[in-house]
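S.K.: Position in the sequence shown (from 1) plus 110 gives the number in this note's numbering.
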Amino acid sequence: DIKIDQAREGFWGYLPVAAAIGVVIVLEMAAVLFRGFLTIDAHVPAASANIGNTKELGKLIYTQYVYAFEIAAVILLVAIVAAVALTMRRRKDSKHFDPAKAAKVKSGDRLRIVRMKAESARADGIAASAADQPQGTAL
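1. Could you pull out every unbroken alpha helix (DSSP H) segment of at least 4 residues lying fully inside the stretch 125 to 211, listed in chain order?
2. Look at the alpha carbon of A195 and the alpha carbon of Y175, and state the distance between them as a whole number of angstroms.
3. In whole angstroms, give me the CA-to-CA distance for A189 and K202.
4. At what residues does the alpha helix (DSSP H) containing G218 begin and finish?
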């Protein structure tokens, strides 16, 4: 199904671009880790009894992190559409079975019974019947 030689041909052409993107991702992750965890918030608000975690999370997502949330939603939507498109495409090299065609076929169209006399072939090319063989020997 997967043609490995064909996939390996284009690999080296995309390697510099993939390496550059990988370096950018690693640098971004390092910046988030070092800048985000080194600063300590001095002001931590007291937890209120009448405001729950879900409500606070909703406020944060739809106010402070709305753009990141929308970008993540668009990325997931594109991934879903791509997955559906990949599964719905028709492939020329796959063996397809059509159940409707199989249900319409008659047994007479598929099978032809031929009557033949039973015989067995020996190594020297002479046909031998079962009656000619001694009891307990094989051909």
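The beta-carbon is built from N, C-alpha and C at its ideal position, and this holds for glycine as well.
M.R.: Short version:
1. Listed in chain order, the complete alpha helix (DSSP H) runs (minimum 4 residues) inside the stretch 125 to 211 are 163 to 172 and 176 to 198.
2. 30 Å
3. Computed Cα separation, rounded: 24 Å.
4. S217 to R220
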